[in-house]
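Working notes, structure below.
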Amino acid sequence: MAPKRKKSPSIDPQGIFSGMVVFLVETGVQSRRLQIWKQKLVQMGATTEERLSKKVTHVFAINSQALLQQLDGQLLKRFKPRVLLYQWLEDSLRSGEKVSEDQYHLLVDMEGENTKDKSLVLKLVNENTSSADELSPHNEKIKSDVKKFKSDAENKGLSEVPNSPGSSDSSPLSQTLTNPIPSSTLHSDLSLPYSPPDLNRSITEIFGKLINIYRALGDDRRSFSYYKAIPVVEKLPFKIESADQVKDLPGIGKSMQDHIQEIVTTGKLSKLEHFETDEKVRTISLFGEVWGIGPATALKFYEKGHRTLEDLKNEDSLTHSQKLGLKYFDDIKTRIPRHEVQEMELLLQKTGEEILPGVDILCGGSYRRGKASCGDLDIVITHPDGKSHKGFLTRYVKRLKDMKFLREDLIFSTHSEEGTDSGVDTYFGLCTYPGRELRHRIDFKVYPRDIYAFGLVAWTGNDVLNRRLRLLAESKGYRLDDTGLFPATQASGGKRGARASASLRFDNEKEVFDFLGFPWLEPHERNL
DNA sequence: GGACGGTCTTC
DNA sequence: GAAGACC
DNA sequence: GTCC
Numbered sequence: 001m002a003p004k005r006k007k008s009p010s011i012d013p014q015g016i017f018s019g020m021v022v023f024l025v026e027t028g029v030q031s032r033r034l035q036i037w038k039q040k041l042v043q044m045g046a047t048t049e050e051r052l053s054k055k056v057t058h059v060f061a062i063n064s065q066a067l068l069q070q071l072d073g074q075l076l077k078r079f080k081p082r083v084l085l086y087q088w089l090e091d092s093l094r095s096g097e098k099v100s101e102d103q104y105h106l107l108v109d110m111e112g113e114n115t116k117d118k119s120l121v122l123k124l125v126n127e128n129t130s131s132a133d134e135l136s137p138h139n140e141k142i143k144s145d146v147k148k149f150k151s152d153a154e155n156k157g158l159s160e161v162p163n164s165p166g167s168s169d170s171s172p173l174s175q176t177l178t179n180p181i182p183s184s185t186l187h188s189d190l191s192l193p194y195s196p197p198d199l200n201r202s203i204t205e206i207f208g209k210l211i212n213i214y215r216a217l218g219d220d221r222r223s224f225s226y227y228k229a230i231p232v233v234e235k236l237p238f239k240i241e242s243a244d245q246v247k248d249l250p251g252i253g254k255s256m257q258d259h260i261q262e263i264v265t266t267g268k269l270s271k272l273e274h275f276e277t278d279e280k281v282r283t284i285s286l287f288g289e290v291w292g293i294g295p296a297t298a299l300k301f302y303e304k305g306h307r308t309l310e311d312l313k314n315e316d317s318l319t320h321s322q323k324l325g326l327k328y329f330d331d332i333k334t335r336i337p338r339h340e341v342q343e344m345e346l347l348l349q350k351t352g353e354e355i356l357p358g359v360d361i362l363c364g365g366s367y368r369r370g371k372a373s374c375g376d377l378d379i380v381i382t383h384p385d386g387k388s389h390k391g392f393l394t395r396y397v398k399r400l401k402d403m404k405f406l407r408e409d410l411i412f413s414t415h416s417e418e419g420t421d422s423g424v425d426t427y428f429g430l431c432t433y434p435g436r437e438l439r440h441r442i443d444f445k446v447y448p449r450d451i452y453a454f455g456l457v458a459w460t461g462n463d464v465l466n467r468r469l470r471l472l473a474e475s476k477g478y479r480l481d482d483t484g485l486f487p488a489t490q491a492s493g494g495k496r497g498a499r500a501s502a503s504l505r506f507d508n509e510k511e512v513f514d515f516l517g518f519p520w521l522e523p524h525e526r527n528l
């Protein structure tokens with residue numbers, strides 16, 4: 001079934017900038033900033049003009065020098081727009097309403113000097129990095145879920161020193177799916193971390209715990225509701241002091257308001273405290289960490305009287321996969337340093353090339369998102385010609401087993417081999433870093449290019465931004481999955497092989513950012 | 001009060 | 001075909 | 001849990 005897309009971008013015609021027609025002087029402004037401003041203006045009701053005309057009500061510039069460099073003074077005189085410093089925008093955005101323009105008028109005496117101190121302005125601009133707001137509070141229905149909101153180790157192991165996943169702009173997929181750049185591009189350019197305000201962490205932290213708990217209990221729906229609420233709360237530019245301030249936000253209903261109210265007044269959430277001290281909840285959560293054991297089975301074991309992982313080992317109803325999950329429980333939990341993932345990716349690419357020249361093999365997931373360490377390997381495979389991926393996975397897996405890279409299987413299914421069928425081949429298993437016995441989880445997915453239009457692979461290396469990015473994608477009816485792929489559509493609908501809409505295909509990350517209206521960040525700009 | 005994913009394994 | 005689990 |  002073709003994807004239902006469309007839906008206007010999240011624009012609020014009644015937003016605070018409603019009615020403004022804006023011309024932005026680009027001189028002296030980082031293009032990223034500019035994008036953010038432009039986007040915010042549009043989202044909050046303004047329209048932007050590419051050239052100065054009589055329609056224009058406001059002109060923004062960083063200083064008068066820049067202004068005159070780009071605009072003819074005569075035109076300004078003729079059209080008489082209000083000429084303001086960008087700082088007005090920033091301050092308005094921060095306060096959530098239009099601030100008085102008084103302080104921000106950019107006086108232009110035709111000679112070009114100006115009262116404001118340029119360096120000061122720049123400094124102010126640098127300071128405020130309240131980032132793009134993607135969503136206005138109403139609008140858009142969420143059309144599809146983001147599954148896999150695993151808040152696994154990625155969230156716990158906060159020690160993120162993300163590297164910059166690299167990506168070149170103009171490359172077709174085959175090149176986009178190349179290796180992340182080594183860590184050298186970092187700290188190239190100064191300060192100005194693109195750091196969104198994060199003023200409500202007390203709330204999002206608690207919600208994060210609830211996500212895990214509800215998921216362990218098998219209540220994925222509820223869990224997902226909290227998952228969705230986090231980026232909404234997270235992007236607020238102010239510290240919440242009362243539930244009133246969130247009552248109209250998307251994804252925040254009655255219960256969430258109550259929770260927020262309790263958190264901001266007492267600093268904690270009794271509901272969470274109860275969960276955390278409940279033996280049953282704790283035990284089920286623990287059992288659920290074993291690969292292959294989910295909420296239902298965990299509960300069953302709990303009711304049978306099992307309380308520890310040792311107890312579980314004596315359980316005779318375990319499946320093969322569950323036994324493996326138990327046996328390698330500690331191994332699997334061990335995180336893999338980034339550089340090792342990189343080496344393994346290289347090895348996998350090399351091996352793949354030997355079997356099928358031209359094949360695209362890439363490590364996605366948290367590695368691609370620039371994490372300093374990864375919980376597992378998430379390997380994405382495709383082939384540029386759209387056909388020769390068929391049958392590849394079987395040979396590939398065999399080869400990797402021969403060389404003792406792959407050790408144990410968890411799931412292995414192939415759909416691409418049977419002629420007309422163009423499903424997704426999947427392999428889940430355990431692998432080892434060469435010369436070591438420690439098991440790591442590894443997934444392979446082979447995507448026929450026509451079914452999955454590929455999106456970005458790197459995300460941003462910054463969790464807060466990533467959540468927003470995903471939320472944004474979702475608000476437009478798309479799904480951005482954990483591996484970093486953008487499935488164009490579901491390959492389902494009765495018969496696999498139904499052709500996906502080709503309307504959604506991105507050849508590089510920038511296209512995806514643009515498509516979503518997310519400000520483009522160079523790789524080195526993505527880290528906090 | 002129903003929807004909120006797609007796919008594979010196991011029963 | 002339903003339940004359970006995983007991404 | 002939220003949205004419709």
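Going by UniProt numbering, the final residue of the first sequence carries number 528, and the count climbs one at a time with no gaps. For every residue, glycine included, the Cβ atom is placed at its ideal position computed from N, Cα and C. Quick caveat, the model's predicted, so the values are computed rather than measured.
query, result
"What are the boundary residues of the beta strand (DSSP E) that valine 59 is part of?", "58-61"
"Roughly how many angstroms separate the alpha carbons of lysine 40 and threonine 426, rounded to a whole number?", "41 Å"
"The beta strand (DSSP E) spanning leucine 85 covers which residue range?", "82-85"
"Rounded to whole angstroms, what's the CA-CA distance from arginine 368 to glycine 484? Just pull it up for me.", "8 Å"
"Under the three-state reduction of DSSP, which class applies to valine 424: helix, strand or coil?", "coil"
"Using three-state DSSP, classify aspartate 514 as helix, strand or coil.", "helix"
"Can you give the Cα-Cα distance for glutamate 289 and serine 202, rounded to whole angstroms?", "25 Å"
"How many angstroms separate the CA atom of proline 519 from the CA atom of phenylalanine 238?", "21 Å"
"Lysine 333 to glycine 375, Cα distance in whole Å?", "7 Å"
"Start and end of the alpha helix (DSSP H) containing leucine 472?", "463-475"
"According to DSSP, is arginine 368 part of a helix, a strand, or is it coil?", "helix"
"If tyrosine 447 sits next to threonine 351, beta carbons under 8 Å apart, how far is it from one beta carbon to the other, in whole angstroms?", "The pair is not a contact, with the Cβ atoms about 18 Å apart (cut-off 8 Å)."
"Determine, using beta carbons only, whether aspartate 385 and glycine 365 come nearer to each other than 7 Å.", "no"
"Rounded C-beta distance between serine 64 and glycine 45? I'm assuming under 8 Å.", "About 27 Å; that fails the 8 Å criterion."
"Where does glycine 112 fall in DSSP's three states?", "Low confidence applies to glycine 112: its pLDDT is 36, below 50, so where it sits in the model is not reliable, and the reading given next is rough at best. Looking at glycine 112 - three-state DSSP - the assignment turns out to be coil, as it is neither helix nor strand."
"With DSSP run on the structure shown, which of helix, strand or coil describes proline 197?", "coil"
"Taking only runs of the beta strand (DSSP E) that begin and end inside the stretch 326-365, which ones reach a length of at least 3 residues, in chain order?", "360-363"
"Starting from leucine 24 and walking both ways along the beta strand (DSSP E), at which residues does that stretch end?", "21-24"
"To the nearest angstrom, how far is the alpha carbon of leucine 89 from that of threonine 47?", "14 Å"
"Taking 6 Å as the limit between beta carbons, can you name the residues of its chain near lysine 228, skipping five residues before and five after?", "Gly251"
"If we call anything under 7 Å between Cβ atoms a contact, is valine 264 one with glutamate 241?", "yes"
"Using the Cβ count rule (16 or more neighbours within 10 Å means buried), how would you classify residue 532?", "Since the first and last residues shown for the chain are 1 and 528, residue 532 lies out of range."
"Are the stretch 424-439 and the stretch 396-406 touching, with three or more C-beta to C-beta distances below 8 Å?", "yes"
"Rounding to the nearest angstrom, what Cα-Cα distance links phenylalanine 287 and aspartate 463 in this structure?", "27 Å"
"Which residue marks the beginning of the beta strand (DSSP E) containing isoleucine 379, and which one marks its end?", "376-382"
"Between the Cα of glutamate 340 and those of Asp102, Leu438 and Gln257, spot the shortest distance and give me the residue it belongs to.", "Leu438"
"Alpha carbons only, please: which of Ser388, Glu343, Asp330 and Val380 is nearest the one belonging to glycine 358?", "Ser388"
"Compare the beta carbon distance of leucine 68 and phenylalanine 23 with 7 Å and say whether it is the shorter of the two.", "no"
"Looking at valine 59 and valine 83, is the spacing between their C-beta atoms short of 7 Å?", "yes"
"Here's the rule I'm using: 16 or more other beta-carbon atoms within 10 Å means buried, otherwise exposed. How should histidine 440 be labelled?", "buried"
"Can you list, in chain order, the residues of its chain with a C-beta nearer than 6 Å to that of leucine 85? Leave out the 5 residues immediately preceding and following it.", "Tyr104 and Leu106"
"Pick helix, strand or coil for lysine 445, following the three-state DSSP scheme.", "strand"
"Along the chain, where does the beta strand (DSSP E) containing threonine 47 start, and where does it finish?", "47-49"
"Out of Arg78, Leu236 and Glu97, state which residue places its alpha-carbon closest to the alpha-carbon of glutamine 14.", "Glu97"
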